[in-house]
Amino acid sequence: MEYMEAGSLHDVLLVHRRLPEPAISGIARRVLEGLHYLYSLQIVHRDIKPSNLLINNKGEIKIVDFGVSGVALRKLNATASHHDSCIRTCAYMSPERFDPERWDDNFSDEFAGDIWTLGLVVLECHVGHFPLISPGQKPDWATLMCAICFGERMDMP
């Protein structure tokens, strides 16, 4: 893989805090293109977050860290959900990963979790902090689960 001189999106956000909308839309489009390619191979990333998105000075994005990725199961099961919840970054987990019993047979598309996390990344780029908690707050697992699964909808910018 070529050198990505801008570092991760996390690094960029530490410097700039918030990004302009054209930059955010470009990032979202490029990540969606990468996810589309992965999904064509039936691969789910399962850990989309700013530190796993590398950027170069041309604005190209590379999705990295495939440590918890895998072949799509199309149906969540207890083993996959437990594995996911133990390894994956909790702040970016989708509701069905935190509470698989609540979603049971009503949820059958494992790809949706990657889209959820990309949505959080896009919001983080826009508001300048992780969007589901107060700026600077370092919540524990239970706080994150409550915010993601049961929290009030945030006001959209």
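According to this note's numbering, the sequence shown holds residues 1 to 157 in order. Virtual Cβ for every residue (Gly too), placed ideally from N, Cα, C.
> Between which two residues does the alpha helix (DSSP H) carrying leucine 144 extend?
Replying inline: 141 to 149
> Quick one: what does DSSP say valine 44 is sitting in, helix, strand or coil?
Replying inline: strand
>> So, with DSSP's three-state summary, where would you put cysteine 86?
In response: Residue confidence is low: cysteine 86 scores 41 on pLDDT, short of 50, so the model does not pin down where it sits. Its coordinate-derived value is still stated next. Three-state result, cysteine 86: helix.
> Based on the DSSP secondary-structure assignment, which residues constitute the bridge partners of isoleucine 55?
Replying inline: Gly7, Ile61
>> Considering only DSSP beta bridges, list what valine 71 is partnered with.
In response: Ile43
>> Please report the straight-line C-alpha distance between aspartate 11 and serine 51, rounded to a whole angstrom.
In response: 7 Å
> Of the choices Glu60, Pro131, Glu96, whose alpha-carbon is the least far from that of methionine 4?
Replying inline: Glu60
>> Would alanine 112 and glutamate 101 qualify as a contact pair, given that the criterion is a beta-carbon distance under 9 Å?
In response: no
> With 16 other CB atoms within 10 Å as the buried threshold, where does alanine 142 fall?
Replying inline: exposed
>> Less than 9 Å between CB atoms is the rule here; does arginine 46 satisfy it with respect to chain C?
In response: In the displayed structure, chain C is absent; only one protein chain is listed.
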